[in-house]
DNA sequence: TCTCAGTCTGTGAACGCTCCCAGATGCTCC
DNA sequence: GGAGCATCTGGGAGCGTTCACAGACTGAGA
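Chains as they are written, first to last, in our numbering: chain G, 114 to 446; chain X, 114 to 446.
Written as structure tokens, this is what we have:
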């Protein structure tokens, strides 16, 4: 690679000093129109591109943020929702010329790497994904005082880490209400992990609607994976064979529940109605297609990025953002 | 954030000079055991972490690589295969303390951003994903002489950009042969885009087995999306109502084909056998579960990363890697 | 005319690191 | 005992920026 032009070369070509070039580069005040034009021309001629390392060295800003995925390794990304979030984040950040580094935080080694990365000053901000309650990483980040936001609340840290999220509780109410309206009498639920906001709040919404009828016997827990949906459904069927509906807290788990129901000879929705949550891409591929709750994932991602950038720009504290969900009726309920 | 310790502080704490600390940091020769120990201790005491910017400024190495996703925006990530690749890449790179920046290259603006990023020296290497034939970005990268590899060949640049890939052609042969062995007589195919290796080579493999029987009438093209699978299947059915099998070049498109077949009242596999390709997560959720070809995605990703690191480390030219596929029989064929 | 504020420009000093060279020390071998 | 080599250390220079400061120039107002 030929030696790249530096700010010196540009200054020489434009017949001005380094300082003036730097001022043009950073849109500083006090640059005469003539100097400005000369510098612009010299930049174009030389093909100059600023060296971010040199800049970061003095400004202490990096122009990049790191997204931390906290799932255990096998599960990371199993959920297609990640894709939407990542894509959206990259786009929005890109528009501001901020680049996105992705790191995994599935085990202690990973977490240590993340801490070293952030402590090393390589990111201006942190975007937390699927962080579970009690994750030690959160405390570490907090102590470093680096701008951090989460996509979906971090349980127990709602007032510390700003976040954007879908209205999980209300979404669960929407689905549960719908099942009730359809005349279902024995409605069960498969929740997500109880250390995640989606796990907790979707169960709360379910209970809000059913009240005393949401008995222990009708509740099973999964871990968002399809397999866990299958086995949770099997446990429910064994315990309460006469259930006539189940609200599953994610589409992927719902897909698992559908297989179990099919294997058990239950017709969906005739014998058992199934409601999902997410409206992710799997919802349309299941058989029958899944009636589900759409969360505005792209918007959640956009808001998360917006919050982070606001924080990085030093705009003081920011408030969480909750976005509303919508019932999508297909064929499973 | 409290002022971070620098190499000076460590040197002072250890009672040695900057040079010695730097030597310890970089595993240089010629450091006495005593000095080594003192420096190690001082690093631990001060909580020192090297500043990569300062280091990059002099070494011209960044410790990060950029993954470029070349799909148009709407489609990026629709395919669950991306997830596996990204996850694997992050892990393998992380082990070497190399971080992964992800950029989109869906339109010209994006591509320009990528070029600026790379030209600006912010990455040690480039990992190309789903790059289509004739993508101008490839020429630009080539002219910059930055180490670049692709996950899946770049059509027309097979000898320029090293790559790791599954043996698409042989995989397609495996599936086609299987359909023939099952007694299917009129076998159609839905291909991927004909400017991608998967699109081209899976069709070639199909044709290898069927020879003259692979007539134009039995070939339709999709663009990897589920929707395109649906419509391609519809066109095939209209043109050749008596087909009794279809090899679909991706699971996602196969899921689409299944819906169309179901809507048309065809039973799978009784009336029409369906074979997919990828063995991605959707393959298990379809109804019936998809008989498909497994590509060793994680291995492909690992090999891609290995190639890139070898190139970055300057180990001279590297050879493409082709990994073999395997038939997974489920219920759709 | 002088002053003063407002513009505009150039330059030295960081930022935190690696590289390189000069010099010191100790050991082996003749 | 001295030459020669390998081992080890310190410190100056430089990587490409931004920042702060000093100085030069302008024009308005006293």
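Yeah, the Cβ is synthetic: ideal placement off N, Cα and C, and Gly gets one too. Note that the structure is predicted; figures quoted are calculated from it, not measured.
Determine the closest residue to residue i out of the options, with distance taken between C-alpha atoms.
i	options	result
residue 117 of chain G	G:331, G:128, G:148, G:159	G:159
residue 183 of chain G	X:173, X:246, X:200	X:200
residue 376 of chain G	G:350, G:391, G:393	G:350
residue 279 of chain G	G:442, G:412, G:404	G:412
residue 270 of chain X	X:254, X:282, X:281	X:254
residue 282 of chain G	G:391, G:275, G:372	G:391
residue 347 of chain G	G:129, G:151, G:374	G:374
residue 230 of chain X	G:244, G:230, G:166, G:171	G:166
residue 155 of chain G	G:141, G:129, G:171	G:129
residue 360 of chain G	G:320, G:395, G:429, G:247	G:320
residue 453 of chain G	G:246, G:170, G:137	Residue 453 of chain G lies beyond the residue range present for chain G, which begins at 114 and ends at 446; the question has no answer from this structure.
residue 294 of chain X	X:323, X:119, X:378, X:436	X:323
residue 337 of chain G	G:306, G:131, G:356, G:310	G:306
residue 442 of chain X	X:225, X:414, X:406	X:406
residue 372 of chain G	G:345, G:410, G:356	G:345
residue 203 of chain G	G:379, G:416, G:135	G:416
Does residue i get closer than 8 Å to chain G when you measure Cβ to Cβ?
i	result
residue 339 of chain X	yes
residue 170 of chain X	yes
residue 233 of chain X	yes
residue 114 of chain X	The predicted model places residue 114 of chain X with a pLDDT of 42, which falls under 50 and marks its position as unreliable; any figure quoted below should be read in that light. Judged by the 8 Å Cβ criterion, residue 114 of chain X is in contact with chain G.
residue 162 of chain X	yes
residue 166 of chain X	yes
residue 216 of chain X	yes
residue 427 of chain X	no
residue 393 of chain X	no
residue 291 of chain X	no
residue 195 of chain X	yes
residue 230 of chain X	yes
residue 247 of chain X	no
residue 135 of chain X	no
residue 213 of chain X	yes
residue 207 of chain X	yes
residue 352 of chain X	no
Using 8 Å as the threshold, is the C-beta distance between residue i and residue j below it?
i	j	result
residue 362 of chain X	residue 304 of chain X	yes
residue 388 of chain X	residue 366 of chain X	no
residue 273 of chain X	residue 259 of chain X	no
residue 418 of chain G	residue 206 of chain G	yes
residue 353 of chain G	residue 330 of chain G	yes
residue 139 of chain X	residue 234 of chain G	no
residue 408 of chain X	residue 312 of chain X	no
residue 198 of chain G	residue 339 of chain X	no
residue 364 of chain X	residue 395 of chain X	yes
residue 440 of chain G	residue 287 of chain G	yes
residue 446 of chain X	residue 292 of chain X	yes
Using the rule of at least 16 other Cβ atoms within 10 Å of the residue's Cβ for burial, across every protein chain shown, is residue i buried or exposed?
i	result
residue 400 of chain X	buried
residue 114 of chain X	The pLDDT assigned to residue 114 of chain X is 42, lower than 50, so where the model puts this residue is not dependable; a value taken from the coordinates is nonetheless given after this. So residue 114 of chain X ends up on the exposed side.
residue 168 of chain X	buried
residue 318 of chain X	buried
residue 275 of chain X	buried
residue 314 of chain X	buried
residue 432 of chain X	exposed
residue 382 of chain X	buried
residue 298 of chain G	exposed
Determine, using beta carbons only, whether residue i comes closer than 8 Å to chain X.
i	result
residue 129 of chain G	no
residue 399 of chain G	yes
residue 368 of chain G	yes
residue 344 of chain G	no
residue 226 of chain G	yes
residue 117 of chain G	yes
residue 389 of chain G	no
residue 274 of chain G	no
residue 204 of chain G	yes
*Is the number of C-beta pairs between the stretch 214-232 of chain G and the stretch 264-276 of chain G that are closer than 8 Å three or more?*
no
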